[in-house]
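Asks:
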Amino acid sequence: MITPDALIAKFRQALDEHWGYIWGTAGEAWTEAKQKELEKTTDSSRAQGRKYGNKWIGHTVADCSGLFSWAFKKLGGTMYHGSDTMYRKYCVNKGELNKGKRTDQGTLKPGTAVFVWNGSNYSHVGLYAGDGIVIEAMGTIKGVTTTKVSAGKWTHWGELTGVEYNSEFRIHNSELNGVRERKTIRKGSRGASVRECQTLLEQAGYSVGTYGIDGEFGKDTLAAVKAFQQDHGLKVDGIVGPKTWAALTEGRGGDES
């Protein structure tokens, strides 16, 4: 059986390695030759890949359910490549979500799949990683990224066949981020430190914008940092240094970034 923390760690790997999204893929290297072949197709389902797929040349790519298929394979299991069938046939327990909460009042466990119902099928899937965060292969423009489970698009949950949900969930997202010594970050920074900062800001009630916790320090994250600094008596410069990290993690203010 696969443990939830092992499954989440694989998704976190894809996130940290900046995987891209190409429909129909499940953890393969995207090359110029593959992109040229894709651009010869006329299938409407491949339109986004034809238009934006060039950005993922040199990256590993997967689509939403392909990321699950890859992760399960790496962990010695198997998972169907297709989100609708995943929900209908490969969930041992399942139900509806309302703003990130199970409607049956049960606990949404880390490692649970979350789905989007579009009125006719379960068209998209992501992985709940705990702390209100979903890791997903979002689409060709964004690739593998994070969103909030409370975002309105997530309508259903499913505990997957082959995952031991009764095992102890040992890995906290901050540990999965791989952050040990927090770096000073600012607008333009990317990566695990930015994701941790964004997570802490969201948890403190400061929105980091439409794209959520995506590991990219853009204008929305900058605005959230400045608002946090203003409210906590910090130098308002938008730079997350030792003092701002301390305030985010321990609630301490100060006069430096």
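Numbering (our numbering), first residue to last: 12 to 268.
Ideal Cβ placement from N, Cα and C applies to all residues, glycine included.
It should be emphasised that the depicted structure is a prediction, and the values quoted were computed from it without experimental measurement.
Going by beta carbon distance, what residues of the same chain come within less than 6 Å of W269, once the five residues before and after it are set aside?
Replies: The structure shown does not extend to residue 269, since the chain spans only 12 to 268, so no value can be given for it.
Asks: Check whether the stretch 207 to 215 touches the stretch 224 to 239, counting contact only when three or more Cβ pairs, one atom from each stretch, lie closer than 8 Å.
Replies: The stretch 207 to 215 is in contact with the stretch 224 to 239.
Asks: DSSP three-state label for I68, please.
Replies: For this step, residue 68 is matched to residue 57 along the sequence shown. It is coil, neither helix nor strand.
Asks: Sort out for me which residues DSSP pairs S201 with in a bridge.
Replies: In the sequence shown, residue 201 corresponds to position 190, counting from 1. According to the sequence provided, residue 201 is Arg. The question's Ser does not apply to it. The partner list for R201 (beta bridge, DSSP) reads E227.
Asks: Let me make sure I understand the geometry here. Which of L49, L26, E48 has the alpha-carbon closest to that of G38?
Replies: For the purposes of this step, residue 38 is identified with residue 27 of the sequence shown, where counting begins at 1. Minimum Cα distance to G38 is reached at L26.
Asks: By Cβ distance, which residues of its chain are closer than 7 Å to R181, with the 5 residues on each side in sequence left out?
Replies: Walking along the sequence shown from the start, residue 181 turns up at place 170. Note that R181 has pLDDT 47, beneath the 50 cutoff, so the model's placement of it is unreliable and no number is given.
Asks: Which whole-angstrom value is the C-beta distance of T123 and E175, which I expect to be below 8 Å?
Replies: On the sequence shown, residue 123 is found 112 positions in, with the first residue counted as 1. On the sequence shown, residue 175 is found 164 positions in, with the first residue counted as 1. No, T123 and E175 are not in contact; Cβ-Cβ is about 12 Å, not under 8 Å.
Asks: In whole angstroms, what separates the C-alpha of V136 from that of A58?
Replies: Counting from 1 along the sequence shown, the entry for residue 136 is found at position 125. Counting from 1 along the sequence shown, the entry for residue 58 is found at position 47. V136 and A58: Cα-Cα distance of roughly 20 Å.
Asks: Which value, in whole angstroms, describes the spacing of the CA atoms of K84 and H92?
Replies: If you number the sequence shown from 1, residue 84 lands on position 73. If you number the sequence shown from 1, residue 92 lands on position 81. Cα to Cα, the separation comes out at about 11 Å.
Asks: How about G143 and K153: do their beta carbons lie closer than 9 Å?
Replies: Here residue 143 refers to the residue found at position 132 of the sequence shown. Here residue 153 refers to the residue found at position 142 of the sequence shown. Contact: no.
Asks: Check E107 in the structure and name its three-state DSSP category.
Replies: Counted from its first residue, the sequence shown places residue 107 at position 96. Looking at E107 - three-state DSSP - the assignment turns out to be strand.
Asks: When the Cα of M12 is compared with those of I33, D242, G87, which residue comes out closest?
Replies: The count along the sequence shown starts at 1 and reaches residue 12 at position 1. Answer by Cα proximity: G87.
Asks: In whole angstroms, what is the alpha-carbon distance linking S200 and T156?
Replies: Residue mapping note: residue 200 aligns to position 189 of the sequence shown, counting from 1. Residue mapping note: residue 156 aligns to position 145 of the sequence shown, counting from 1. Each residue's Cα considered, the two are about 16 Å apart.
Asks: Which whole-angstrom value describes the C-beta separation of D74 and G117, a residue pair presumed to lie in contact below a C-beta threshold of 8 Å?
Replies: In the sequence shown, residue 74 corresponds to position 63, counting from 1. In the sequence shown, residue 117 corresponds to position 106, counting from 1. 29 Å between Cβ atoms; not a contact.
Asks: Below 8 Å on the Cβ atoms is my contact criterion, and I expect Q241 with T255 to pass it. Report the Cβ-Cβ distance as a whole number of Å.
Replies: By 1-based counting over the sequence shown, the position of residue 241 is 230. By 1-based counting over the sequence shown, the position of residue 255 is 244. The Cβ separation is near 11 Å, so there is no contact.
Asks: On the CB-based measure, 16 or more other CB atoms within 10 Å of its CB, does E28 come out buried or exposed?
Replies: The residue given as residue 28 occupies position 17 in the sequence shown. Looking at its Cβ environment, which holds fewer than 16 other Cβ atoms inside 10 Å, E28 is exposed.
Asks: For H167, which beta-bridge partners are listed by DSSP?
Replies: Here residue 167 corresponds to residue number 156 of the sequence shown, with the count starting at 1. Paired residues: E107, F126.
Asks: Return the chain-ordered list of same chain residues with a C-beta closer than 6 Å to the C-beta of K105, the five sequence neighbours on each side being excluded.
Replies: Working through the sequence shown from its first residue, we reach residue 105 at position 94. G169.
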